[in-house]
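A short worksheet on the structure shown next.
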Amino acid sequence: MNKIKTRFPPSPTGHLHLGGARTALFNWLFARHHGGLFVLRFEDTDRERSRQEYVDSIREALEWLGLYWDEGPYFQSQRLEIYREYARRLYEEGKAYYCECSPDELERKRKEALAAGRKPKYDGTCREKDLPPGPGRVLRLKIPPVGTTVVEDLIRGAVAFDHQELDDFILVRSDGTPTYQFAVVVDDLTMGITHVIRGDDHLSNTPKQILLYKALGAEPPKFAHVPMILGPDGTRLSKRHGALSILAYREEGYLPQALRNYLVRLGWSYGDQEIFTLEEMIEKFDLSRVSKSAARFDPEKFLALNAHWLRATPTEELAEEIKPFITKLGLPIPEKEYLLQALETVKPRARTLLEAAEMMRFYLVEEISYDPKAAQKFLTPEIVPVFERLLQELAKVEFEDEALEKLFRGLAEELGLKLKKIAQPVRVALTGKTVSPGLFEIMRILGRDRVLKRLKQALNYIKEA
RNA sequence: GUCCCCGUCGUCUAGCCAGGUCCAGGACACCGGCCUUUCACGCCGGCAACGUGGGUUCAAAUCCCGCCGGGGACGCCA
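Here the first sequence is numbered in my numbering, starting from 29 and rising by one per residue.
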């Protein structure tokens with residue numbers, strides 16, 4: 029039994045987006061599940077549009093997602109000799125022929141056919157001309173005119189295509205570079221790829237590729253066409269649907285484990301299970317549970333999953349991840365123990381690292397500023413005596429959650445007030461907002477000095493107002 | 001236009017292959033409630049779907065056909 033080998037072949041003409049990331053994940057998972065190999069290959073035969081910048085960002089995104097490759101990255105632009113050799117073979121064996129039709133002419137015929145309601149396909153003008161190679165000529169594959177090619181898809185079952193629907197597609201461009209259709213086949217063949225897992229937008233290309241394998245006298249790999257990912261509105265995923273690059277999600281404070289978890293459940297399921305660790309995905313992933321229908325990207329569910337993984341990730345780990353976000357907000361990175369404690373309190377409340385960093389703001393600034401509405405409602409003259417009393421008591425109480433709570437509850441009872449009547453003004457004095465983590469935990473973390481200082485600041489504020 | 005694929009709550013999906021246990025289960029979102037110093041978390045409860053028409057059958061979300069709807073391919077892009 030041969031070892032399973034999958035690949036992810038992005039073209040470096042754009043960033044890695046959700047669809048590509050999921051395809052990469054499925055291929056990676058399939059290879060890992062079967063103890064096989066995962067290959068990364070850049071399909072950069074379109075020299076006009078391929079850019080180094082995209083090669084770098086795609087690699088970075090895959091690494092961020094933890095989808096490490098076992099082989100590659102290969103670059104088609106460095107394998108031109110190999111394609112040339114295979115092209116020569118095809119031509120010499122009469123399986124392919126040169127064509128001198130000009131692009132303009134082809135374009136004209138295509139429009140004509142479309143207008144006449146026919147399928148726009150190459151009409152075979154040069155098929156029997158027996159032209160030798162020459163400048164301006166392309167190499168086309170000779171498709172058997174009659175017959176049917178069946179794609180045995182691992183997800184969709186047998187899909188038949190009549191050769192009438194196919195045409196003699198171009199293998200080698202007039203500039204000598206291979207087209208996608210030709211390069212993928214030669215690459216998958218020479219790299220020993222056993223399973224091609226890709227978006228179902230490639231399903232209708234597959235019969236052409238199978239015919240090419242046959243012309244080459246080779247056995248095609250197994251194919252599995254996974255459903256596409258659509259935007260929230262059900263149309264093709266595009267820039268309109270938010271961040272187009274996977275890396276943009278990282279910038280917004282999403283966790284790779286959340287993205288993986290969201291992506292793996294888009295088109296694949298395992299009973300009612302929603303949460304998967306990497307290990308579980310590898311263990312449970314299989315093609316038979318991949319669905320056939322397209323899925324829409326739901327940013328809300330992704331956010332919810334991110335919130336889940338934020339809570340499920342050890343604070344120690346998160347503390348490292350959140351530093352860039354704190355810096356991004358222009359806030360200082362505190363010493364480790366303080367950061368850990370502060371983070372612990374915002375963790376169950378934040379949905380992204382960016383939100384968490386924003387929620388930690390009051391822990392990190394020296395001078396806090398009040399939300400105008402909060403100050404207006406809670407920093408009023410009536411609270412002055414309470415704050416003054418608190419100043420005295422807090423100077424001597426032990427700064428632990430239980431002791432602080434006991435103090436507040438006792439004070440509330442003594443003054444005949446509801447706890448919240450005291451807690452909310454203090455919360456505003458300490459954080460500037462009416463919403464925050466638990467009052468006693470933030471006091472404990474802030475420490476006596478800061479708490480007293482902020483209460484005094486609030487008192488001054490009230491007197492000046 | 002031609003060919004191909006797909007069609008269960010708003011969304012992701014389980015169930016479909018081996019028809020009854022499904023007046024359809026889970027998750028996100030949404031709405032109530034509990035907890036409570038605020039907001040979250042957590043817990044409890046609710047709303048909500050088999051695209052449509054026909055056929056087969058004692059029985060259909062599950063099998064068959066038509067229709068409708070969505071997506072994809074048809075490039076010297078990948």
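All C-beta atoms, glycine included, are put in the ideal place defined by N, C-alpha and C.
- For Thr176, the uninterrupted beta strand (DSSP E) run begins and ends at 176 to 181, by DSSP.
- Within the same chain, Cβ atoms closer than 8 angstroms to the Cβ of Asp216 are found at Arg35, Val224, Pro249, the five residues on either side in sequence being excluded.
- Here DSSP, grouped into helix, strand and coil, assigns Trp56 to helix.
- DSSP places Tyr126 inside the beta strand (DSSP E), whose first and last residues are 124 to 127.
- Cα atoms of Gly281 and Glu363: separation of roughly 21 angstroms, rounded to the nearest angstrom.
- Assignment of Phe468 by DSSP, reduced to helix, strand and coil, places it in the helix class.
- Judged by beta-carbon spacing, Arg288 lies beyond the 8 angstroms limit of His253, meaning their Cβ atoms are not closer than that value.
- Rounded to whole angstroms, the separation of the alpha carbons of Leu432 and Val67 is 58 angstroms.
- Rounded to whole angstroms, the gap between the alpha carbons of Val463 and Glu386 is 13 angstroms.
- Excluding the 5 residues flanking it on each side, Leu44 has same chain C-beta neighbours closer than 8 angstroms at Pro38, Ala52, Ser85, Ile86, Ala89, Leu90, Ser273, Ile274, Leu275, in chain order.
- The continuous alpha helix (DSSP H) containing Leu419 extends over residues 412 to 424.
- Counting C-beta atoms within 10 angstroms of its own C-beta, Arg482 has 16 or more neighbours from the protein chains shown and is therefore classed as buried.
- As a beta-bridge residue in DSSP terms, Ala188 pairs with Val178.
- The stretch 200 to 224 is shown to contain whole alpha helix (DSSP H) runs of 4 or more residues at 208 to 218, in chain order.
- Within 10 angstroms of the beta-carbon of Thr380 lie 16 or more other beta-carbons, which makes it buried.
- Out of Leu382, Asp151, Leu93, Lys446, the CA that lies nearest to the CA of Ile198 is found in Asp151.
- Using a C-beta cut-off of 8 angstroms, the stretch 305 to 312 makes no contact with the stretch 116 to 130, since fewer than three inter-stretch Cβ pairs fall below that distance.
- Per DSSP, reduced to three states, the secondary structure at His336 is helical.
- For Pro235, the number of other beta carbons within 10 angstroms of its own is at least 16, and it is reported as buried.
- Fully contained in the stretch 219 to 292 are the following beta strand (DSSP E) runs of length 3 or more, in chain order: 223 to 227, 250 to 254.
- Where Pro101 is concerned, the enclosing beta strand (DSSP E) starts and stops at 99 to 103.
- For Arg389, the uninterrupted alpha helix (DSSP H) segment begins and ends at 389 to 392.
- Taking 8 angstroms as the upper bound for CB-CB distance, Arg472 and Phe436 are not in contact here, some 13 angstroms apart.
- Within the stretch 30 to 83, the complete beta strand (DSSP E) segments at least 3 residues long are 33 to 36, 65 to 70, listed from N- to C-terminus.
- Take Leu182, set aside five residues on each side of it, and the residues of its chain with a beta-carbon closer than 7 angstroms to its own are Lys250, Phe251, Ala252, Leu315, in chain order.
- Look at Val374 here: in three-state DSSP terms it is helix.
- Within the same chain, Cβ atoms closer than 7 angstroms to the Cβ of Asp72 are found at Ser39, Pro40, Ser78, Phe103, Gln104, Ser105, the five residues on either side in sequence being excluded.
- The secondary-structure analysis by DSSP pairs Val463 with nothing; it has no beta-bridge partner.
- Under the 10 Å beta carbon count, Tyr96 is surrounded by fewer than 16 other beta carbons and is classified as exposed.
- Three or more beta-carbon pairs separated by less than 8 angstroms are not found between the stretch 163 to 177 and the stretch 132 to 149, which leaves the two stretches without contact.
- Rounded to whole angstroms, the gap between the alpha carbons of Arg455 and Tyr366 is 19 angstroms.
- In the DSSP assignment, Leu108 falls within the alpha helix (DSSP H) that extends over 108 to 120.
- By the Cβ-count criterion, Arg317 is exposed, with fewer than 16 other Cβ atoms from all chains shown falling within 10 Å of its own Cβ.
- Each residue's CA atom was taken as its position, placing Tyr277 and Leu283 some 8 angstroms apart.
- With respect to the 8 angstroms criterion, Pro255 and Ala322 are classified as neighbours on the basis of their beta carbons.
- Around Glu372, the same chain offers Thr343 as residues with beta carbons nearer than 6 angstroms, after the five sequence neighbours per side are excluded.
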